[in-house]
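Chemist: Below you will find the structure I want to go over with you.
Numbering (my numbering), first residue to last: 2 to 134.
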């Protein structure tokens, strides 16, 4: 298991025993349109946000170039591990936190989706993420 996958402990009973579907898998932003490159995109039509005009546009509730640190992500092991590090005074550099948070955000780093929300630091950190993968 990669260090960035340590958040998968959420499946263990001592950490809440969440079902696997609630912990692992691709991550994506919420609060804006679901990009077609997200795995199983067709099932988003059953999500209330899919038809909500506040959330179903390219930018949704965000401003273009706002930075990925301003967006809300779907819940999973990556977001958990990122928040553990961030909220507990980790001394990891921003690129490492970016890798932990976004390494399962395949629609961004494989398909190029959501780059319109990135700021300059995100663009630099994305290069580190691609090297990590």
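Just so you know, even glycine gets a beta-carbon here, dropped at the ideal spot from N, CA and C.
None of the values given here were measured: they were computed from a predicted structure.
1) Per DSSP, residue 31 is paired with what?
2) Would you mind working out which of 129, 131, 128, 116 sits nearest residue 59, comparing C-alpha positions?
3) Would you call the CB atoms of residue 104 and residue 124 closer than 8 Å?
4) For residue 114, does the count of other Cβ atoms within 10 angstroms reach 16, so buried, or fall short, so exposed?
5) Determine the DSSP secondary structure at residue 40, reduced to helix, strand or coil.
6) Taking only three categories from DSSP, how would you classify residue 101?
7) Between the Cα of residue 106 and those of 30, 132, 16, 10, spot the shortest distance and give me the residue it belongs to.
8) Would you decide whether residue 121 is buried or exposed? Buried here means 16 or more other CB atoms lie within 10 Å of its CB.
9) Between which residues of its own chain and residue 13 is the CB-CB distance below 8 Å, once the five residues before and five after are set aside?
10) Are there 16 or more other CB atoms within 10 angstroms of the CB of residue 73, so buried, or fewer, so exposed?
Modeler: In brief:
1) 73
2) 116
3) no
4) buried
5) coil
6) helix
7) 30
8) exposed
9) none
10) exposed
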